[in-house]
Amino acid sequence: MFFRAFRHEAFDISEISLSSYSISVARGNPHYVAIPVFLSRAFRHTSVYIRTDKGIETPQDLRGKRIGIAEYQLSANVWVRGILEEEYGVKPSDIIWVRGGMDTPGRPEKIKVQLPGDIRMEEAPVGSTLNGMLEAGEIDGFVGPRWPRCFAERHPHVGRLFADSIATAEAYFEKTRIFPIMHVLGVRRSLAEEYPFLPAALLKAFTQSKLIAEEALSDTSATKVTMPFVEDNLNRVHALMGDDPWSYGVGGNAHVLNKFLDYHASQGLSPRRVEIEELFHPSTLEAYSL
């Protein structure tokens, strides 16, 4: 979807990567204009996988290691690199990055990027996959939004860097109040110009849709997801994050967006630091009621 959205500009309205979109805004050629509907959010402490036989016990042990990534500019990877540097002192230049396809050989960046000169990047060997390399111990770890298949299959030497990723993420949130944002809703810019009411209408529609989903999720007399312990997890989340943990809109999320944009610029992905007001359609920066 994202490849089609950014390479071929295929959609009128689409979920889009916050990182790819920020690059297009910084370069001055955004095909889409964003709406502060955050369709994907995740604590990315779950996103760092390691070979447990390579002497990696702390984040600092990642220095000098070869870590696989599908794309350098993925929003999840921006967050992981930012957290590793800010919270643990591990800079992106401390790691050797190996780029390739997770389960299929070869994968291009959906937006071409020019990385800083101190970043060490290798391409995975022709015909190799990152999952296969991690399984064979040819790389020391993997960072990405999806777990590698060998982890899901319980490979004896593949684990997470943060063994208790939930407790680590909870401590991170208590310290920073940040619930990382991955994706936003994008509208074809020419369409928003032709129908200026559309972005705000979409924000209201998606907000109402979220409320309906949350109400259904909270009705645990018959759970709406095939997952045990739904009540317990909901109570844990609300105790930590309040009644609206997955909030939309700029107001309550400005600190999250600013942190991401700081990371994005410091990692050299955007040629300049983008401001929040540049990301979103003006009509979606304030709420109104009818």
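Numbering (this note's numbering), first residue to last: 28 to 317.
Idealized CB from N, CA, C, for every residue including glycine.
As a quick exercise: from Y59, L230, R215 and P143, pick the residue whose alpha carbon is nearest that of F65. Residue numbering aside, residue 65 sits at position 38 when the sequence shown is read from its first letter. Considering only alpha carbons, the answer is L230.
Should W106 and P175 be called a contact, given that it needs their Cβ atoms to be closer than 7 Å? Counting from 1 along the sequence shown, the entry for residue 106 is found at position 79. Counting from 1 along the sequence shown, the entry for residue 175 is found at position 148. Not closer than 7 Å, so no.
How many Å lie between P183 and R90 at the Cα? Locating residue 183 in the sequence shown gives position 156, counting from the first residue. Locating residue 90 in the sequence shown gives position 63, counting from the first residue. One C-alpha to the other measures close to 23 Å.
Take the Cβ of A61 as the centre, count every other Cβ of all protein chains shown within 10 Å, and call the residue buried at 16 or more, exposed below. Taking the first residue of the sequence shown as position 1, residue 61 is located at position 34. Buried.
Would you mind working out which of V125, P86 and P143 sits nearest V153, comparing C-alpha positions? Counting from one through the sequence shown, the residue named residue 153 turns up at place 126. If we check each option's Cα against that of V153, V125 comes out closest.
Length at least 3, wholly inside the segment 72-150: the beta strand (DSSP E) runs in chain order: 75-78, 93-96, 123-126 and 147-150
Going along the chain, which residues of its own chain have a beta-carbon closer than 8 Å to the beta-carbon of H265, five neighbours each way excluded? For the purposes of this step, residue 265 is identified with residue 238 of the sequence shown, where counting begins at 1. Around H265: P272.
Taking S44 and L296 to be in contact with their CB atoms under 8 Å, please state how far apart those CB atoms are, rounded to whole angstroms. The residue given as residue 44 occupies position 17 in the sequence shown. The residue given as residue 296 occupies position 269 in the sequence shown. The pair is not a contact, with the Cβ atoms about 11 Å apart (cut-off 8 Å).
Within 10 Å of its beta-carbon, does E98 have 16 or more other beta-carbons around it, so buried, or fewer, so exposed? Along the sequence shown, one-based indexing puts residue 98 at 71. It counts as buried.
Since T156 and T131 are thought to touch, with beta carbons under 8 Å apart, how far apart are those beta carbons, to the nearest angstrom? For the purposes of this step, residue 156 is taken as the residue at position 129 of the sequence shown. For the purposes of this step, residue 131 is taken as the residue at position 104 of the sequence shown. Contact flag correct, Cβ pair sits at about 7 Å.
DSSP state of R300, grouped into three classes? For this step, residue 300 is matched to residue 273 along the sequence shown. The answer is coil: DSSP assigns R300 none of H, G, I, E or B.
Cutting at 6 Å between CB atoms, please list the residues of its own chain near D39, excluding the five before and the five after it. Counted from its first residue, the sequence shown places residue 39 at position 12. Result list for D39: R215 and L218, in chain order.
Close-in-space but distant-in-sequence residues of the same chain around L261 (CB under 8 Å, 5 per side omitted): Indexing the sequence shown from 1 puts residue 261 at position 234. Within the same chain, L261 has close Cβ partners L244, S245 and T247.
Go ahead and pull the three-state DSSP assignment for M209. Position 182 of the sequence shown holds residue 209. Note: M209 maps to strand in three-state DSSP.
N- and C-terminal bounds of the alpha helix (DSSP H) containing P226: For the purposes of this step, residue 226 is taken as the residue at position 199 of the sequence shown. It spans L225 to S245 - the alpha helix (DSSP H) in which P226 sits, taken as one unbroken run.
Answer yes if the segment 156-167 comes into contact with the segment 76-96, meaning at least three C-beta pairs across the two stretches below 8 Å, and no otherwise. yes
Residue range of the unbroken beta strand (DSSP E) whose run includes A61: Indexing the sequence shown from 1 puts residue 61 at position 34. Start and end: Y59 to R68.
Starting from the C-beta of E149, find all residues in its chain whose C-beta is less than 6 Å away, skip the five residues before and the five after it, and write them out in chain order. As a working mapping, residue 149 is identified with position 122 in the sequence shown. These residues qualify, in order along the chain: V125.
Give the list of continuous beta strand (DSSP E) stretches no shorter than 3 residues that lie fully inside the segment 147-186. 147-150 and 168-170
Within 7 Å, strictly: CB atoms of M209 and S120: Counting from 1 along the sequence shown, the entry for residue 209 is found at position 182. Counting from 1 along the sequence shown, the entry for residue 120 is found at position 93. The answer is no: Cβ separation not under 7 Å.
Given a threshold of 16 other Cβ atoms within 10 Å of its Cβ, counted over all protein chains shown, does T311 qualify as buried or as exposed? On the sequence shown, position 284 is the one that residue 311 refers to. The residue in question, T311, is buried, as its Cβ has 16 or more Cβ neighbours within 10 Å.
The ligand HEM heavy atom lying under 6 Å from the CB of I40: With respect to the ligand HEM, the structure shown offers nothing to examine, as it has no ligands at all.
Could you pull the DSSP bridge partners for V214 from this structure? The count along the sequence shown starts at 1 and reaches residue 214 at position 187. According to DSSP, V214 bridges with I40 and V60.
Residues near K80 by beta carbon distance below 6 Å, same chain, minus five either side: As a position in the sequence shown, residue 80 is number 53, starting the count at 1. The amino acid at residue 80 is misidentified as Lys; the sequence shows Asp. Closer than 6 Å at the Cβ level, and outside the excluded window around D80, lie H184.
Who are the near neighbours of Q87 in its chain, counting only those whose CB is closer than 8 Å to its CB and skipping five residues on each side? Taking the first residue of the sequence shown as position 1, residue 87 is located at position 60. Correct list, in chain order: Y115, G116 and V117.
Please report the straight-line C-alpha distance between H58 and E42, rounded to a whole angstrom. Locating residue 58 in the sequence shown gives position 31, counting from the first residue. Locating residue 42 in the sequence shown gives position 15, counting from the first residue. Going by the C-alpha atoms only, they are around 13 Å apart.
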